[in-house]
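Written out below as structure tokens is the structure these notes cover.
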Amino acid sequence: MIFYTDRLLLRPWREEDAEDLFTYASDPAVGPPAGWPPHESVEHSREIIRTVLSAPETYAVCRREDGRAIGSIGLHRNDIAEDEDEYELGYWIGRPFWGQGLIPEAARELLRHAFADLGMARIWCGHYDGNVKSRRVMEKLGFAYHHTTEGLEVSLLGEIRTGHVLLLTREAWDAAHFGLTE
Ligand SMILES: CC(C)(COP(=O)(O)OP(=O)(O)OC[C@H]1O[C@@H](n2cnc3c(N)ncnc32)[C@H](O)[C@@H]1OP(=O)(O)O)[C@@H](O)C(=O)NCCC(=O)NCCS
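Below, the structure is given as structure tokens:
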């Protein structure tokens with residue numbers, strides 16, 4: 001599936017994106033705040049495309065003008081979102097593109113897809129303590145604080161962190177977009 005927004009297109013990752021992925025995912029400011037280590041080589045990025053970014057509902061965030069990948073966004077089922085009517089939203093974008101509202105733009109389209117096309121009831125979104133940039137994205141999207149967990153094991157980095165989890169329900173999404181009251 002391909003989604004279009006004003007400035008972006010969201011499409012499945014492909015192995016030819018490995019060089020672009022490496023360009024942005026090798027930056028230590030990108031992966032570690034989200035819990036994964038910087039990519040070490042183009043081959044490493046290709047392997048991540050094959051093994052991680054090939055998951056369902058995972059999309060390359062691409063510039064509309066040339067279709068090149070600059071970030072990633074996806075809906076995942078995991079410890080936070082276990083049931084069939086819920087997903088966790090995850091995202092990142094390359095540092096040169098920060099601060100332009102691009103992830104909020106991509107996320108609004110993916111949330112529309114999750115609620116309207118896939119019939120989800122709840123979308124969760126989590127960030128580690130101190131990741132104020134990601135928290136701002138969630139606030140702009142209408143997520144509400146739900147809970148905090150201390151002592152989270154970040155296995156890929158060998159660290160223990162505190163995580164905060166926010167929730168967006170279909171009722172809150174509909175109320176914000178269609179003026180319906182809960
Ligand atoms: C979090 C992230 C996805 C935000 O994406 P984005 O498209 O830049 O989102 P926005 O443009 O809405 O910016 C969000 C906030 O980041 C901060 N910010 C923006 N540009 C910045 C910059 N160049 N340097 C530092 N902070 C910046 C601002 O606080 C902004 O909030 P504001 O709009 O109220 O000013 C992006 O910073 C990123 O990929 N970070 C690393 C990976 C990560 O943390 N992923 C999320 C894991 S939970």
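Residue numbering for the sequence shown follows the numbering used here, beginning at 1 and increasing consecutively. Note that CB positions come from ideal geometry on N, CA and C, so glycine has one too.
is_contact[residue i, chain C] using C-beta, thresh 9 Å
i	result
proline 38	Absent here is chain C; the protein component of the structure consists of one chain.
Local Cβ density within 10 Å of residue i, reported as buried at 16 or more and exposed below that
i	result
isoleucine 160	exposed
isoleucine 2	exposed
valine 30	buried
valine 132	exposed
valine 137	buried
arginine 122	buried
tyrosine 4	exposed
tyrosine 87	buried
alanine 114	buried
serine 45	buried
Candidates the options, of which the one nearest residue i by Cα
i	options	result
glycine 141	Pro37, His164, Asn131, Thr169	Going by the sequence as given, residue 141 is leucine instead of glycine. Minimum Cα distance to leucine 141 is reached at Thr169.
serine 54	His177, Glu16, Asp27	Glu16
threonine 157	Asp79, Arg77, Gly35	Sequence inspection shows leucine at residue 157; the threonine mentioned does not correspond to that position. Comparing Cα positions, the closest option is Gly35.
arginine 112	His39, Ala25, Leu75	Leu75
Rounded C-alpha distance that separates residue i from residue j
i	j	result
leucine 167	leucine 89	10 Å
glycine 163	proline 104	21 Å
alanine 81	glutamate 150	18 Å
leucine 118	tyrosine 59	16 Å
arginine 95	alanine 176	30 Å
serine 134	glycine 126	9 Å
phenylalanine 97	phenylalanine 178	30 Å
tyrosine 91	proline 33	11 Å
arginine 11	tyrosine 128	27 Å
leucine 9	arginine 64	5 Å
histidine 171	valine 165	What sits at residue 171 in the sequence shown is glutamate, not histidine. Each residue's alpha carbon lies about 18 Å from the other.
Quick test of the definition: if touching needs 3 or more C-beta pairs under 8 Å, does the stretch 67-74 touch the stretch 20-39?
yes
At least 3 beta-carbon pairs within less than 8 Å: the stretch 129-144 vs the stretch 93-113:
yes
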